[in-house]
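Before any comments, here is the structure.
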Amino acid sequence: MKLDLGGQAVGQAERRGGRRYLLSIDLARAVGIVLIVATHCWPDIPWTAAEAEMMPLYFRSSTVLLVFISGFMFNYITQRSDQPIRRYATQRLVHIWSAYLVISAPILFVIFFVHKRADVWPWVYEMPLIGQAVIFLITGKHIAYLWYIPAISLFILLSWCFRFVDRKKLYGWIIPLAAVAATVLGRDSIYGAFSAVGKAIFILPSYLIGMYFCNYYVANGYRVGRVPTLISLFLVTAISAAYFVWNRFDIHVLWIQKVALVILLIRIFDDYGSGTLLGNILKRIATLAFPIYFLHGYAINLLRLAYSDAALLELVGNPLLARIIYLLVKVAVVTALSMALCFMVQALVGRRRSRYLIGA
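Quick note on numbering: the sequence shown equals residues 86 to 445 in the numbering used here.
Take a look at the structure:
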């Protein structure tokens, strides 16, 4: 069984143990990956100050889409599996961390021997190299977007706790408490070696809501009903409007917007995800979600070496429409380049070995 960032068996209609392939979830995962790629593409483009202030509305907390789906798939798989929860957790950790170590190695080499990162706590560089490597790996500080790996690993280690929450149906009080903590503390409430704990606290409610939504979704016949759709539509609209009206709107609330967004996406894909060109493209992206997540940073840096975004936009006068179109094109190119890197690795070492190198 292939497990990606959301913990789903992908690429086949899996029915063992009562499971089946969930197209809408896969397509929502693909949108989440594309949003994460866009999150790391837009800062290179020369936006005006006013435009840059609006970017968090679209891209802040995009990782929440993956977190939600990860919680969803945790329940979907473990409720229908007869294997011990410890085996499930071990398989996921081995799969994720083997690729994490491989992807991290080149960046760690550069940091140690070529160019040190400036945005790292000074005491880190006073440690031996092995100590520095450990700090970078347990915080994800060596590649900014990899903070998610140590954070989600904590959830995997605590899988038995989440099974307990689901069996005892503790969602009614634990989700509100986790939501308040995430909103008040934000993503970076803890600094230093234990920063992953602070990030885990921030994504905890999204994970729990994904678990709860799984139970609802299956019980409702694998469809999103009218009430959750209307609630999600209201939250996305209200939070987005509030961000437009108040420039200093608390960005920590945007995780709620992204949770509501992923539910809306699942509803849309329930009705329109199958047999469409967009659906087929997203399905292909979803099967490579794990390696795209890991490799898109390398793809972006390759493009930075090749050309300057600002210089290209200057050729057409740098109007807003050109910047928007350029962002869309760059996201598509980075996604395609990440997929090409994945295919190259698979061709060189085979798909079985590539799972442990890049996750697919």
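A virtual CB, placed ideally from N, CA and C, is assigned to each residue, including glycine. Note that the coordinates shown come from a computational prediction; the quantities given were computed from them, not determined experimentally.
Check, Outcome
"Any 3 or more C-beta pairs closer than 8 Å across the segment 335 to 349 and the segment 254 to 273", "yes"
"Selection from 276, 126, 188 and 221 that minimises the alpha carbon distance to residue 201", "221"
"Same chain, Cβ closer than 6 Å to residue 101, five either side skipped, listed in chain order", "At residue 101, the pLDDT of 47 sits below 50, so the modelled position is not reliable and the matter cannot be decided from this model."
"Per-residue burial, residue 306 [other beta carbons within 10 Å of its own, 16 or more giving buried]", "exposed"
"Whole-number beta carbon distance between residue 294 and residue 250, since they are thought to touch under 8 Å", "Not quite, the Cβ-Cβ distance comes to about 12 Å (not below 8 Å), so this is no contact."
"Simplified DSSP state of residue 284, which is helix, strand or coil", "helix"
"Validate contact between the segment 431 to 443 and the segment 182 to 198 using beta carbons, cut 8 Å, 3 pairs", "yes"
"Three-way DSSP call (helix, strand, coil) for residue 427 in this model", "helix"
"Helix, strand or coil at residue 129 [DSSP, three-state]", "helix"
"Cβ distance (whole Å) where residue 384 is taken to contact residue 419 below 8 Å", "5 Å"
"Cβ of residue 276 within 9 Å of any chain C Cβ", "No chain C is part of this structure, which consists of one protein chain only."
"Inter-residue Cα distance where the pair is residue 232 and residue 146", "12 Å"
"CB of residue 288 within 9 Å of CB of residue 148, strictly", "yes"
"Residue 273 classed as buried or exposed, judged by whether at least 16 other C-beta atoms fall within 10 angstroms", "exposed"
"Beta-carbon gap between residue 382 and residue 259 smaller than 9 Å", "no"
"Residues near residue 144 in its chain [Cβ-Cβ closer than 8 Å; skip 5 each side]", "120, 123, 124 and 127"
"Residue 406 versus residue 132: straight-line alpha-carbon distance, rounded", "11 Å"
"Simplified DSSP assignment, three categories, for residue 203", "coil"
"Closest residue to residue 313 among 183, 298, 304 and 284 (Cα-Cα distance)", "298"
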